[in-house]
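Below is one structure, written out as structure tokens, with a few remarks after it.
There are 2 protein chains.
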Amino acid sequence: MKTEQVVLAKRPEGIPSDDVFRYETIEVAKPQENEIMVESLYISVDPYMRGRMDDSESYVAPFELDKPIVSHIVARVIESKDSNIVEDDIVVGRLPWRKKMTVNSAEVTKVTNHDIPIYLYLSVLGLTGQTAYHGLLKIGNPQPNETVVVSAASGAVGSVVGQIAKIKGARVVGIAGGQEKTKYIKTELGFDEAIDYKDSNFAQNLAQAVPDGIDVYFENVGGEIADEVFKHLNQFARIPVCGAISGYNDNEISFGPRIQPILIKSQALMQGFIVGNYADDFPQASKQLAQWVEENKIKTKTSIMDGFENLPHAFRNLFSGDNFGKQVVNVENDI
Amino acid sequence: MKTEQVVLAKRPEGIPSDDVFRYETIEVAKPQENEIMVESLYISVDPYMRGRMDDSESYVAPFELDKPIVSHIVARVIESKDSNIVEDDIVVGRLPWRKKMTVNSAEVTKVTNHDIPIYLYLSVLGLTGQTAYHGLLKIGNPQPNETVVVSAASGAVGSVVGQIAKIKGARVVGIAGGQEKTKYIKTELGFDEAIDYKDSNFAQNLAQAVPDGIDVYFENVGGEIADEVFKHLNQFARIPVCGAISGYNDNEISFGPRIQPILIKSQALMQGFIVGNYADDFPQASKQLAQWVEENKIKTKTSIMDGFENLPHAFRNLFSGDNFGKQVVNVENDI
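Residue numbers (the UniProt record's numbering), protein chains in the order written: chain A, 1 to 335; chain B, 1 to 335.
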């Protein structure tokens, strides 16, 4: 049986162009003992993957050239040699970008709750939800009536961060780009304030939105937006540093005001993290997140792009500011 | 009775020039109930005071214009209206820069251990020792065989940080300016490595001194030295941010590589602090520090400049890189 895969053809400079990705036709192996054959339904594209495309030391190994790109995928089982898994089961795992593939069943997790859209296992019920949960609660530790600011607030992580902060009783200010997004986080997600970083009065609007200063800043973007936020930190502010997407496609190091004087002045804490640091607590967090989703306390938005051929396009969307909510690619009709 | 005082005559730009300080002759009040009259013996000059000379919001209120400059002073009691304090008692407190003064006895602490030089109550047994102790142990939390790097390593705080890290079993690398200082911290204080930041091969020498990366960086200086250190952070590195002396006299904000990508890559923690954050633990730390000093596990160096008239000069010395160890001014012969 033949299938298609997407490999890393070359290392990108800046935003990955089409020739960074190469489509290939390959053979799918027959499943052996403890293996399953699956077909991809939804493929996740995530900003952190940009780092893996570079050939530099990081917290995750770089993607290898001429090998498939890997991300989280929700897939349907089409053949099983594992007694715990049957045809038509839905599984999720970190898998190569292939339409069909045979994998060891230990590489995937079976999805048991079918009352919610299965692509949520790539967002709020998957790694982006876990990222928001642990980064906010373990590092940010928001208290009732504290002011929490989150950047990229309409994104997969930021939107969940803001809603969890609301559940914890904090006053939440989201930063996002454009009126559609700011309106969404304020009216649909219930943020207290939403600031458009594209507005020429951004700095002034931000200052007005945080009259009592900032106790927690959940950092997703870095760059000049963050520089502006840092001007309002309260004493003992906490800054979970989850991402710095503004610089992911830069070839040069981003310069800004050095942070040391700011941290001393506020006696603030800034901590970088990756979701894997909290793997031991994933099961407990999954349960809590699923409950909040079912109770409609956490709402989500997913940008679904159709077609296996659109994976590069969907990935680039993450950096254009055009995507809204969690970006996934639906490939279920591409068999 | 008349005495002399030093007031802030104007706010400095850059390194404070002589006309920032004004000497005045004033009257000393007679002590009333619960008051004591003291004569200054040793006056502390400390880098953090530079921030108080500016008229900007900070963690401590700015010095007021035309009011005396204030720092820690070791003084001798010459008259007492407090039943717990007698003439010739030695006291220490945060006091105005005056040769003689009358203060409420609650503003000072009596020095009970006279087996060690009393000016150590301005350094290792005073706030700089407390700063080193709490910043290193509460935030840095060095473990045996971890690599600890400290900047301004021959200074009042840095020298104590390095020696406590050695007591805790860490491998300690100090950064200081010039061969005299690097030789001192390596041969006299027992640091494992000492790197001269003035050496043109600083970056390379630092890299060679931390073959296993850096687990704790105790930050005293900021600027380009720190930028270089950040290239070697290990996963889960901890960075107590105590000072950023390189920029204290700058009128403009210091720019450097933004820190967010570095913190994410290492999942590092960076925390600004001031010693007052740990006031509840001062008594326990005082006892421990005094024990280490008596056991000769912590050695100290004090730069003593004579003469009340030299306070401005001694203060400027902090920023020239010329001072060595804790800088104090001896005024006991200036009565």
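We put the beta carbon where it would ideally sit given N, CA and C, even for glycine.
Closest by C-alpha distance to residue i, when choosing among the options
i: G247 of chain A; options: A:H72, A:K2, A:E4, A:E13; result: A:E13
i: H72 of chain A; options: A:L122, A:D334, A:Q260, A:Y184; result: A:L122
i: N235 of chain B; options: B:A207, B:Y184, B:A156, B:I264; result: Rather than Asn, the amino acid found at residue 235 of chain B in this sequence is Gln. Nearest of B:A207, B:Y184, B:A156, B:I264 to Q235 of chain B, Cα basis: B:I264.
i: S83 of chain A; options: A:L95, A:E64, A:N104, A:V293; result: A:N104
i: I164 of chain B; options: B:V91, B:F63, B:W292; result: B:W292
i: D66 of chain B; options: B:V7, B:E27, B:H114; result: B:V7
i: G213 of chain A; options: A:E252, A:E224, A:F230; result: A:F230
i: V210 of chain B; options: B:D199, B:A194, B:W97; result: B:A194
i: N205 of chain A; options: A:M1, A:H232, A:I139; result: A:H232
i: A290 of chain A; options: A:I43, A:I167, A:S266, A:V124; result: A:V124
i: N145 of chain A; options: A:K138, A:N201, A:I167, A:L269; result: A:I167
i: F308 of chain B; options: B:I43, B:D89, B:S17; result: B:I43
i: A156 of chain B; options: B:N310, B:Q208, B:Y119, B:G140; result: B:Y119
i: residue 351 of chain A; options: A:M1, A:K299, A:P62; result: Because residue 351 of chain A is not part of the residues shown, which for chain A are 1 to 335, the question remains open.
i: I69 of chain A; options: A:L136, A:S254, A:K299, A:R50; result: A:R50
i: I262 of chain B; options: B:K110, B:A226, B:N296, B:E27; result: B:A226
i: E24 of chain A; options: A:S56, A:S17, A:E35, A:W97; result: A:W97
i: L136 of chain A; options: A:H114, A:V160, A:K297; result: A:V160
Contacts around residue i, its chain only, beta-carbon distance under 8 Å, and the 5 residues preceding and following it disregarded
i: P117 of chain A; result: T302
i: G158 of chain A; result: A132, V150, S151, A152, G174, A176, F218, N220
i: A9 of chain B; result: D19, V20, F21, R22, L65, D66
i: Q208 of chain B; result: none
i: V86 of chain B; result: V77, S80
i: P257 of chain A; result: D227, F230
Where residue i falls, given that 16 or more other Cβ within 10 Å makes a residue buried
i: Q5 of chain A; result: buried
i: N330 of chain A; result: buried
i: M53 of chain A; result: buried
i: W3 of chain B; result: The sequence shown places Thr at residue 3 of chain B, rather than the Trp named in the question. Buried is the call here.
i: F324 of chain B; result: buried
i: D215 of chain B; result: buried
i: P142 of chain B; result: buried
i: I253 of chain A; result: exposed
i: D196 of chain A; result: buried
i: P283 of chain B; result: exposed
i: D280 of chain A; result: exposed
Those residues which DSSP pairs with residue i across a bridge
i: N330 of chain B; result: B:Y42, B:D306
i: D55 of chain A; result: Partner(s): none; D55 of chain A has no beta bridge.
i: R22 of chain A; result: A:V7
i: P96 of chain B; result: B:V70
i: Y217 of chain A; result: A:V149
i: M1 of chain A; result: Paired residue(s): none; M1 of chain A is not in a bridge.
i: P211 of chain B; result: BP columns for P211 of chain B are empty, so no partner.
i: A176 of chain A; result: A:D196
i: L233 of chain A; result: A:I214
i: P240 of chain A; result: A:Q271
i: R316 of chain A; result: Answer is none; R316 of chain A lacks a bridge partner.
i: M37 of chain B; result: B:E79, B:T102
i: R171 of chain A; result: A:T147
i: G325 of chain A; result: A:G155
i: E27 of chain A; result: A:K2
6 Å Cβ shell around residue i - same chain, five flanking residues per side excluded
i: I275 of chain B; result: Here the sequence assigns Val to residue 275 of chain B, which means Ile is not the residue at that position. If we look at V275 of chain B and ignore the five residues flanking it on each side, its Cβ neighbours are L127, Q130, T131.
i: A203 of chain A; result: E228
i: M37 of chain A; result: P31, I78, E79, T102
i: M305 of chain A; result: A314, V329
i: K181 of chain A; result: S154
i: G222 of chain A; result: A244, S246, G247
i: R171 of chain A; result: T147, D192
i: I93 of chain B; result: The question names Ile, yet the displayed sequence has Gly at residue 93 of chain B. So the qualifying residues of the chain are E107, V108.
i: A285 of chain A; result: Q130, Y133
i: V60 of chain B; result: R52
i: L95 of chain A; result: I73
i: L269 of chain B; result: R238
i: R316 of chain A; result: I15
i: A29 of chain B; result: T102
Residues of its chain near residue i, where Cβ-Cβ distance is below 7 Å and the 5 sequence neighbours each way are ignored
i: L318 of chain B; result: V45, P47, Q327
i: G162 of chain B; result: V150, A153, V172, G174, I185, L189, F191
i: N277 of chain A; result: none
i: E39 of chain A; result: A75, R76, I78, K99, K100, I335
i: G272 of chain B; result: V241
i: D89 of chain B; result: V77, K110
Cβ-heavy atom distance, residue i to the ligand SAM, below 7 Å
i: F191 of chain B; result: Questions concerning the ligand SAM fall outside what the structure shown contains, since it holds no ligand whatsoever.
Q | Complete alpha helix (DSSP H) runs within the region 74-138 of chain A (minimum length 4 residues, chain order) | A | Considered as a whole, the region 74-138 of chain A harbours 127-134 as its complete alpha helix (DSSP H) runs of no fewer than 4 residues, in chain order.
Q: Would you list, in sequence order, the uninterrupted beta strand (DSSP E) runs of no fewer than 3 residues that lie entirely inside the region 248-275 of chain A?
A: 255-257, 269-272
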